[in-house]
Amino acid sequence: MVIAESCGVRCSRVMLLLYNTVFCLVGLTVGCVGLWSLSGQGWNILQALVPPAHSVMSGPQSAHPLKQPTSWTPTLQQLAHCLVVVGGAVVVTATLGCWATLTRSTCLLVLYLGLVV
Numbered sequence: 005m006v007i008a009e010s011c012g013v014r015c016s017r018v019m020l021l022l023y024n025t026v027f028c029l030v031g032l033t034v035g036c037v038g039l040w041s042l043s044g045q046g047w048n049i050l051q052a053l054v055p056p057a058h059s060v061m062s063g064p065q066s067a068h069p070l071k072q073p074t075s076w077t078p079t080l081q082q083l084a085h086c087l088v089v090v091g092g093a094v095v096v097t098a099t100l101g102c103w104a105t106l107t108r109s110t111c112l113l114v115l116y117l118g119l120v121v
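So for the sequence shown, the working numbering puts the first residue at 5; every next one is plus one.
1) In the structure shown, what three-state DSSP assignment does arginine 14 receive?
2) Assess, as a yes-or-no matter, whether the region 21-31 is touched by the region 81-101 under the definition of 3 or more beta carbon pairs within less than 8 angstroms.
3) So, do the region 28-40 and the region 75-90 have three or more beta carbon pairs nearer to each other than 8 angstroms?
4) Looking only at its chain, what residues have a beta carbon closer than 8 angstroms to the beta carbon of tryptophan 47, apart from the 5 residues adjacent to it on each side?
5) Given a cut-off of 7 angstroms, decide if leucine 20 and threonine 105 are closer than it, judged by their beta-carbon atoms.
6) Please state whether the Cβ-Cβ distance between leucine 50 and leucine 83 is less than 7 angstroms.
7) Assuming the contact rule is C-beta atoms closer than 8 angstroms, leucine 112 and tryptophan 103 should be a hit. Round their C-beta distance to whole Å, please.
8) For valine 121, which three-state DSSP category applies?
9) In whole angstroms, what is the alpha-carbon distance linking glycine 44 and alanine 93?
10) Pull up the distance between the alpha-carbon of glycine 118 and that of proline 78, whole angstroms please.
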């Protein structure tokens, strides 16, 4: 038996599918930036995102741009690992949302809602 959908239900399904597709692409991008940074190629980008620790603690006189602190490497590696984990979590959640929308499964939609909220 085929149940007719109203325009609002169809519109909400399409919007949920579009939003989750965008979030999946964003999650892939974030994860790829993290993997790229872990490979050693993206350290310059991460150094631009993370301020040097010594300039925050000791004031503006030590914030010389040519001084490279040696304590940056563990912080940048942790940031790269966090980017990979967050990107993976976003991809898994968005994929679950797309799958739940396409299959019209109430159980999957409730699981997706639980993960999002």
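By construction, the Cβ of each residue, glycine as well, lies at the ideal position given by its N, Cα and C atoms.
So, to answer that:
1) DSSP places arginine 14 in helix when its eight states are reduced to three.
2) Yes: at least three Cβ pairs fall under 8 angstroms.
3) yes
4) Ser41 and Leu80
5) Yes.
6) yes
7) Between leucine 112 and tryptophan 103 a beta carbon distance of about 6 angstroms is seen, short of the 8 angstroms cut, so the two are scored as contacting.
8) coil
9) In this structure, the straight-line span from the alpha carbon of glycine 44 to that of alanine 93 is close to 23 angstroms.
10) Approximately 34 angstroms, taken between the alpha carbons.
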